[in-house]
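In my numbering, the protein residues as written are 128 to 428. A virtual CB, placed ideally from N, CA and C, is assigned to each residue, including glycine.
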């Protein structure tokens, strides 16, 4: 601990990212009151290029790579990410050191409930996963792109339509009153690791890895590991039209995990979409097997 009297946390500069980094800083300060924690803000390509879809310039990993680079350069000791924004394969030189207790994983609508949307209503979302599943539930809907921080997104609710957000984002920003409907996971399977935070450190920094390990939440880690393994088996791109959600039984440390995965050909209306639920005790095996079942069902290799 004496090697790190100050822990520097790299983070994006959006209000939600700052909340996340500050939250982790608070957990660490509570666990290690003798260690000072500060947040280092990093500008990312994903935040700069708001005029085009994320998928057109690298997928959601664009929100993470500059933050990760800051840690690899030594400008920060650790990085805090929305776990759903991380590609499923960890960058060389880094380690997913811990997952704190997870928040709400569900998607939500702002502007209207799903069943109250009029025929042909417009739904704004940049997620292929959300489009594919919502189109399966409501083939009449029209979809448009949505980018920007949460304040920008909330300003773009279409007339008579809705936007789709992660419920936890508005909860963490104190804006839960804006939620029109939080969608059950059996209606809309969430993004892999949605609602969870991921703390990355340099793989060879033994001291920092030991410091952050104390804020690991083992049940959340098991769920995230199962979901991230599922995504890694599909190719590791968190912009795929795929989602997964893991649930633990009463023994959250060593008991059964139930994993539901979904995969679509595309995010276009009418695209073939398949779903599979399986159980197991090993997150890696469960995630891998579930992805293979869905990939075979879609005949995508």
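Proximity to residue 391 across 222, 255 and 287 peaks at 255, based on C-alpha coordinates. Your pair residue 193 and residue 169 checks out as a contact, with CB atoms roughly 5 Å apart and the cut at 8 Å. A straight-line Cα-Cα distance of about 16 Å links residue 209 and residue 372. Per the Cβ contact rule, the stretch 194-205 is not in contact with the stretch 286-301 (fewer than 3 Cβ pairs under 8 Å). Across the set 276, 267 and 304, the C-alpha of 267 shows the shortest separation from the C-alpha of residue 288.
Within the stretch 188-241, the runs of alpha helix (DSSP H) that reach at least 4 residues and sit entirely inside it are, in chain order, 192-200. Using a 10 angstroms sphere on the CB of residue 229, the tally of other CB atoms reaches 16 or more, which defines it as buried. For residue 291, the pairing in a beta bridge is given by DSSP as 236. Taking a cut-off of 8 Å for Cβ pairs, the stretch 235-244 and the stretch 352-362 do not touch, as fewer than three such pairs fall below it. Rounded to the nearest angstrom, the Cβ distance from residue 423 to residue 388 is 12 Å, too far for a contact under 8 Å. According to DSSP, residue pairing for residue 414 in a beta bridge does not occur. Contact annotation: residue 145 and residue 324 have beta-carbon atoms that are not nearer than 8 Å. Residue 414 and residue 347 have their C-alpha atoms roughly 15 Å apart. The beta carbon of residue 260 is closer than 6 Å to those of 315 in its chain, skipping five residues each way along the sequence. Put simply, of 264, 405 and 335 the residue whose alpha carbon is nearest the alpha carbon of residue 310 is 264.
Distances from the alpha-carbon of residue 344 to those of 262, 226, 165 and 304 put 226 closest.
The DSSP-derived three-state label of residue 246 is coil. Secondary structure at residue 316: coil, using DSSP grouped into helix, strand and coil.
DSSP, read as helix, strand or coil, puts residue 421 in helix. Under DSSP, residue 357 takes part in no beta bridge, so it has no partner. Residue 322 is classed as buried because its beta carbon has at least 16 other beta carbons within 10 Å across all chains shown.
With contacts defined by Cβ atoms closer than 8 Å, residue 386 and residue 349 do not form a contacting pair. Scanning 306, 308, 354 and 340 for the CA closest to the CA of residue 410 turns up 354. Around residue 191, the same chain offers 208, 212 and 213 as residues with beta carbons nearer than 7 Å, after the five sequence neighbours per side are excluded.
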